[in-house]
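Under the working numbering, the first residue of the sequence shown is numbered 34, with each subsequent residue one higher. Everything below concerns the one structure shown next.
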Amino acid sequence: MVFFSCTPYARPMNTRTLVFVGCLNRAVPHFAAANGRGIVTYSFDEATGRLEFLAETADIANPTFLAAVAHRGLLYATSEIFGEPEGAVSAYRIDPMSGALALINRQPTRGSLTAFCNVDRQAEMVFVANYGHETAAETPRQQIASFAMLDNGGLSVPSSAFAHTGSGPRMDRQSVPHAHCVVSSPDNRFAIATDLGTDELVTYRTNVDCRRLESSGVPAMRMKAGAGPRHLVFHPNGVAAYVVNELDSTVCRLAYEPGNGTLSLLETVDVLPENPGAGQPADLQIAADGRFLYASIRGADVIGIYRLEEGTGKIVSASICGAGGKTPRSFALSPTGRFLLVALQDSDRLAVYRIDPTTGEPAEQVDFVAVGTPMCVKAERFDIA
């Protein structure tokens with residue numbers, strides 16, 4: 034008699050790329066229109082760059098920023114609501130086949146005009162940045178808050194919250210603090226928050242065990258007065274970071290010290306080298322291989338592409354390409370890095386460009402879809418059993 038050993042058959046996993054677009058659906062005085070209907074989900078073909086509508090989620094007000102955790106099937110979305118003392122952050126379960134979103138829960142954010150959310154690199158907590166109204170007496174007025182991620186993907190009440198102090202020289206935009214983003218360090222020990230109102234980068238310590246942010250004791254890094262730091266990204270080398278400054282239209286390369294979370298300035302370049310000071314930079318992204326840095330520039334309605342030196346991350350050249358419409362507020366690189374998806378806020382459209390792998394530039398537009406007042410776009414790859 035012969036016996037055969039059997040091993041369970043592991044069915045190979047398929048993957049699918051989904052694109053989520055957060056759209057303004059409630060009027061805000063500082064935005065021109067609110068033509069959206071919430072969060073729109075598309076499937077994305079990584080071979081052709083084509084988008085296909087899947088679903089729409091309308092049970093959220095002004096989802097102006099999104100953060101996805103693909104391996105857990107979760108999406109987090111801020112609500113930036115003018116005139117209310119607190120914004121909100123919502124947790125959704127994603128159906129990767131249908132693209133439908135199911136609300137898990139929603140939490141207030143301890144501050145107003147919630148403009149940004151992010152997830153730490155171990156997917157244990159969610160951070161938000163509250164931009165805040167131009168009213169110093171407003172309460173509560175916490176600029177940064179953290180939330181523990183629960184077992185079901187929902188969010189705890191805020192596990193910590195922090196108020197910034199100070200102002201900048203631009204009284205029209207910097208009379209009070211205006212936090213704009215918060216990003217985990219590559220080793221997840223720290224999180225860096227940008228404050229457009231105070232011209233500072235604030236380092237927080239990440240307590241993963243307690244799933245909260247804590248004060249780090251690290252002095253805030255002072256940017257140039259009136260710069261208005263908006264978004265920050267880290268280089269894959271783990272020791273360089275970049276910040277785009279909305280008010281003086283520059284991008285800075287920073288040295289990051291992993292041991293203590295400090296930052297120091299290495300270089301500053303104009304986002305539009307041929308027209309210094311023009312435009313209003315918005316989003317900032319870096320290619321996965323660290324070769325190119327990208328910035329969207331409103332007003333000029335272009336995408337800036339900055340070639341980076343291998344190893345150091347120094348900015349060695351810049352080129353500019355049209356964004357394909359008005360007000361490129363947000364953009365995303367596809368998971369393969371082959372495509373650039375641009376949310377054109379005041380053109381009510383999402384445009385897709387194929388990226389030239391040699392130059393890093395958008396080479397051709399391969400698709401676009403009409404979508405009302407897109408404020409944020411995220412592209413994530415999901416495993417499908």
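The C-beta atom is built at its ideal place from N, Cα and C for all residues, glycine as well. Everything numeric in this text was worked out from a predicted model, so none of it was measured.
Check                                                                                                                 : Outcome
Own chain residues within Cβ distance below 7 Å of residue 406, not counting five before or after                     : 56, 57, 66, 67, 68, 69, 378 and 381
Option nearest residue 191 by Cα separation, candidates 180, 249, 185 and 220                                         : 180
Own chain residues within Cβ distance below 8 Å of residue 272, not counting five before or after                     : 288, 289, 290 and 291
Residue 213 - DSSP class collapsed to helix/strand/coil                                                               : strand
Proximal residues to residue 194 (C-beta, below 6 Å), its chain only, five neighbours per side dropped                : 143, 175 and 178
Closest Cα partner of residue 325 within the set 313, 341, 314 and 404                                                : 341
CA-to-CA distance, residue 364 to residue 112, given in whole angstroms                                               : 19 Å
Straight-line gap, residue 61 to residue 148 (C-alpha atoms, nearest Å)                                               : 13 Å
For residue 296, the nearest candidate out of 331, 254 and 315 (CA to CA)                                             : 254
Residue 69 - containing beta strand (DSSP E), residue span                                                            : Looking at the DSSP string, residue 69 is not in any beta strand (DSSP E), and its letter there is neither H nor E.
DSSP three-state assignment for residue 380, whether helix, strand or coil                                            : helix
Extent of the continuous beta strand (DSSP E) to which residue 84 belongs                                             : 84-90
Cβ pair count under 8 Å reaching 3, the stretch 381-390 against the stretch 357-371                                   : yes
Three-state secondary structure (DSSP) of residue 169                                                                 : coil
Residue 122 CB to nearest heavy atom of the ligand FMN below 6 Å                                                      : Annotation note on the ligand FMN: not contained in the displayed structure, which lists no ligands.
Where residue 233 falls, given that 16 or more other Cβ within 10 Å makes a residue buried                            : buried
Backbone secondary structure at residue 178 - three-state DSSP                                                        : strand
Residue 414 in three-state terms, based on DSSP                                                                       : strand
Closest residue to residue 120 among 126, 74, 129 and 110 (Cα-Cα distance)                                            : 110
Beta bridge counterpart(s) of residue 264 as assigned by DSSP                                                         : 277
C-alpha distance - residue 298 paired with residue 285, whole-angstrom precision                                      : 7 Å
Through-space distance from residue 350 to residue 188, alpha-carbon basis                                            : 42 Å
Closest residue to residue 115 among 102, 203, 96 and 104 (Cα-Cα distance)                                            : 96
Which listed residue (338, 354 and 360) has its alpha carbon closest to that of residue 332                           : 360
DSSP-derived helix/strand/coil call for residue 36                                                                    : Any answer about residue 36 is weak, because its pLDDT of 45 lies below 50 and its placement is not dependable; what the coordinates show is given next. In this structure, residue 36 counts as coil in the three-state DSSP scheme.
Option in 133, 358, 281 and 245 with minimal Cα separation from residue 152                                           : 245
Which of helix, strand or coil DSSP assigns to residue 154                                                            : coil
Helix, strand or coil at residue 258 [DSSP, three-state]                                                              : coil
The stretch 258-276 touching the stretch 194-213, judged by at least three CB pairs closer than 8 Å                   : yes
DSSP three-state assignment for residue 42, whether helix, strand or coil                                             : The predicted position of residue 42 is uncertain, since its pLDDT is 46 and thus under 50; a value taken from the coordinates is nonetheless stated next. Here residue 42 sits in coil by DSSP.
Buried or exposed (CB count within 10 angstroms, at least 16 for buried), residue 344                                 : exposed
Spatial neighbours of residue 64 in its chain, beta-carbon cut-off 8 Å, leaving aside the 5 residues before and after : 57, 378 and 406
Residues that DSSP places opposite residue 398 in a beta bridge                                                       : 386
Beta-carbon proximity list for residue 247, same chain, < 7 Å, skipping 5 on both sides                               : 193, 237, 238 and 240
Residue ranges of each beta strand (DSSP E) within the stretch 188-247, 3 or longer                                   : 188-195, 212-217, 223-228 and 233-240
Residue span of the beta strand (DSSP E) that contains residue 314, given as start and end                            : 313-319
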